[in-house]
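Visitor:
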Ligand code: ADP
Ligand code: ASP
Ligand code: MG
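In the numbering used here, the protein residues as written are 5 to 415.
This is the structure in structure tokens:
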């Protein structure tokens, strides 16, 4: 017997039959004597649908109102799941982020959880009910609805698990674990039995959307082990846990890609101190996260800067950059959305030399031009033309031997 937090993603609650299937699993755990908090996403496609609606009525939708809109998606699923459970004779109560008091900052559409007040959840659990909590949403210090960014229900689940001191945090999704690369892109991807927090953080940050990055940050900070598993089976999934020695033995644990970035180039900027601070300061002020940055070798007193931002923020980024560029007398601002960032990740990179060089070689052999590069201690990322995404993922996966056995890590 224990306290279990289970999170079900959009596909897992995509229609009435799937909601019934989730309810059956939840009821089974409760019947076994566990206390269960279920965190759910909006039904598959709903968040995209709401975003598309907003785009039809406003060019740059007001972010506070965007959160009011997006939070409705999860409200639909919590009520449907709670109704289903009650209908099955399993006492349950739905709670929105507001009702449960998932407290966030006020960064609308990308809010961070500051604290989860557990009183209401604990009272409901104490009454013998399953708590069905809306993922992805919270409440700002001024009492407004907030959302946590795409994939945010993962973070809701881990934050609630940490706040409650839960015995387990299970993330149920449409694949049965974390793979060496996206199994929907490469059928030779292999399920990992265990992956370290640091590797998962990097994988998530470079596009492996199976877990939202902030959920892994939370899990690492509060020592919450995450079990990523399939909502369609009882198979053991992948444990995201502290690093151990076996994980260091392989250089590369996984390959990820991200098609959702855009490359922005600002050409002909004055080559003098303070210009980068001005450009990137303006973006930071609008909460736009810049990923890679390259400044070219200047020609005369002018240079150019190229950087990447999430495609979703591109319009806003350009609306910030264009006036700054004009002010600087800059020749040209251009954007390219036809790019992908491919990355290799592994804690073993700390002790294996030549991993980056090998990555460039493998891409070059396929005639794939590398447009930008960035590295961290346990990651190398390259920006390439989007049309090469699948090819790059496959050749890198094979070149680093990911189809084979990982010591203690294969399933
Ligand atoms: P959910 O709706 O359950 O939150 P997501 O679509 O957010 O599910 O995340 C699951 C998806 O993540 C999978 O369907 C898969 O295509 C993708 N994915 C990307 N990289 C990986 C990886 N390394 N391992 C597993 N899944 C991955
Ligand atoms: N519904 C949100 C999204 O689609 C949150 C989530 O599914 O985790 O991004
Ligand atoms: Mg997700």
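Beta carbons: idealized from backbone N, C-alpha and C, even for Gly.
Helix, strand or coil for residue 156, going by three-state DSSP, please let me know.
Guide: It is helical.
Visitor: When the Cα atoms are used, what is the spatial distance from residue 274 to residue 283?
Guide: Whole-angstrom Cα-Cα distance: 12 Å.
Visitor: Let's see if you can read the secondary structure: which residues bound the alpha helix (DSSP H) around residue 249?
Guide: Note, residue 249: alpha helix (DSSP H), 249-252.
Visitor: Which residues in the same chain as residue 163 place their Cβ atom closer than 6 Å to its Cβ, once the five residues preceding and following it in sequence are excluded?
Guide: Counting only Cβ-Cβ distances below 6 Å, and skipping sequence neighbours, we find 117, 120, 222.
Visitor: To the nearest whole angstrom, what separates the beta carbons of residue 50 and residue 13, a pair I think is in contact under 8 Å?
Guide: The Cβ separation is near 12 Å, so there is no contact.
Visitor: If you draw a straight line from the alpha carbon of residue 377 to that of residue 32, how long is it in whole angstroms?
Guide: If I take the Cα positions, the gap works out to 49 Å.
Visitor: Output the distance between the C-alpha atoms of residue 152 and residue 343, rounded to the nearest integer angstrom.
Guide: Approximately 25 Å between the Cα atoms of the pair.
Visitor: Below 7 Å, is the gap between the Cβ of residue 51 and the nearest heavy atom of the ligand ASP?
Guide: It does: the Cβ of residue 51 is within 7 Å (strictly closer) of some heavy atom of the ligand ASP.
Visitor: Given that a residue counts as buried once 16 or more other Cβ atoms are within 10 Å of its Cβ, and exposed if not, what is residue 225?
Guide: With fewer than 16 other Cβ atoms within 10 Å, it is exposed.
Visitor: Less than 7 Å between the CB of residue 218 and some heavy atom of the ligand ASP, yes or no?
Guide: Not under cutoff, so the answer is no.
Visitor: Tell me the residue span of the beta strand (DSSP E) that contains residue 262.
Guide: Residues 258-262.
Visitor: Are the beta-carbon atoms of residue 321 and residue 287 separated by less than 8 Å?
Guide: Yes. Within cutoff.
Visitor: Near residue 415, what residues of its chain come up, given a Cβ to Cβ distance below 6 Å and the 5 sequence neighbours on each side ignored?
Guide: Any answer about residue 415 is weak, because its pLDDT of 38 lies below 50 and its placement is not dependable; what the coordinates show is given next. Here the set comprises 195, 197.
Visitor: Does residue 53 pass the burial test, meaning 16 or more other C-beta atoms within 10 Å, or should it be called exposed?
Guide: Exposed, by the Cβ-count rule.
Visitor: Can the beta-carbon of residue 67 be found less than 8 Å from the beta-carbon of residue 113?
Guide: Yes, the pair counts as a contact, with Cβ atoms nearer than the cut-off.
Visitor: Please report the straight-line C-alpha distance between residue 216 and residue 105, rounded to a whole angstrom.
Guide: If you take the alpha carbons of residue 216 and residue 105, they lie about 21 Å apart.
Visitor: Would you grab the beta carbon distance between residue 352 and residue 249 for me? Rounded to a whole angstrom, and I think it's under 8 Å.
Guide: Contact flag wrong, Cβ pair sits at about 11 Å.
Visitor: What whole-angstrom Cβ distance do residue 346 and residue 257 have, given they're in contact under 8 Å?
Guide: Contact doesn't hold; Cβ gap of about 15 Å is too wide.
Visitor: Could you tell me the distance, in whole angstroms, from the CA atom of residue 3 to the CA atom of residue 296?
Guide: Missing from the structure shown is residue 3; the chain here goes from 5 to 415 and no further.
Visitor: To which residues of the same chain is residue 362 closer than 8 Å at the C-beta, ignoring the five residues directly before and after it?
Guide: If we look at residue 362 and ignore the five residues flanking it on each side, its Cβ neighbours are 403, 404.
Visitor: Rounded to whole angstroms, how far is the Cβ of residue 372 from the Cβ of residue 339, which I believe are closer than 8 Å?
Guide: 21 Å between Cβ atoms; not a contact.
Visitor: Taking the C-alpha atoms as reference points, what is the distance between residue 36 and residue 173?
Guide: About 17 Å.
Visitor: What's the C-alpha gap between residue 9 and residue 229?
Guide: Rounded to whole angstroms, residue 9 to residue 229 spans 11 Å at the Cα level.
Visitor: Can you tell me the Cα-Cα spacing of residue 319 and residue 365, whole angstroms?
Guide: Cα to Cα, the separation comes out at about 35 Å.
Visitor: Taking DSSP as the reference, what is the three-state secondary structure of residue 306?
Guide: Strand at residue 306.
Visitor: Looking at C-beta atoms only, is the number of pairs between the segment 233-243 and the segment 177-187 that lie closer than 8 Å three or more?
Guide: The segment 233-243, when compared against the segment 177-187, does touch it at the 8 Å Cβ threshold.
Visitor: Taking the CB atoms as reference points, tell me whether residue 192 and residue 358 lie closer together than 8 Å.
Guide: Their beta carbons are not under 8 Å apart, which means residue 192 does not touch residue 358 by this criterion.
Visitor: Taking 7 Å as the cut-off, is the CB of residue 56 close to at least one heavy atom of the ligand ASP?
Guide: No - the ligand ASP has no heavy atom lying nearer than 7 Å to the Cβ of residue 56.
Visitor: Determine the direct distance from the alpha carbon of residue 300 to that of residue 310, and round the result to whole angstroms.
Guide: The straight-line gap from Cα to Cα measures roughly 8 Å.
Visitor: Could you check if residue 19 is buried or exposed, using at least 16 other CB atoms within 10 Å of its CB as the buried criterion?
Guide: Answer is exposed; the Cβ neighbour count stays below 16.
Visitor: In this structure, does DSSP put residue 7 in helix, strand or coil?
Guide: Strand at residue 7.
Visitor: With DSSP run on the structure shown, which of helix, strand or coil describes residue 397?
Guide: Three-state DSSP puts residue 397 in a helix.
Visitor: Does DSSP put residue 376 in a helix, in a strand, or in coil?
Guide: The answer is strand: DSSP assigns residue 376 an E or B state.
Visitor: Using the C-alpha atoms, what's the distance from residue 75 back to residue 88?
Guide: Spanning the two alpha carbons is a distance of roughly 21 Å.
Visitor: Where do the N-terminal and C-terminal ends of the beta strand (DSSP E) with residue 38 fall, by residue?
Guide: Segment: none, residue 38 is in no beta strand (DSSP E) and carries neither H nor E.
Visitor: Buried or exposed, going by whether 16 or more other CB atoms sit within 10 Å of the CB of residue 17?
Guide: By the 10 Å Cβ count, residue 17 comes out buried.
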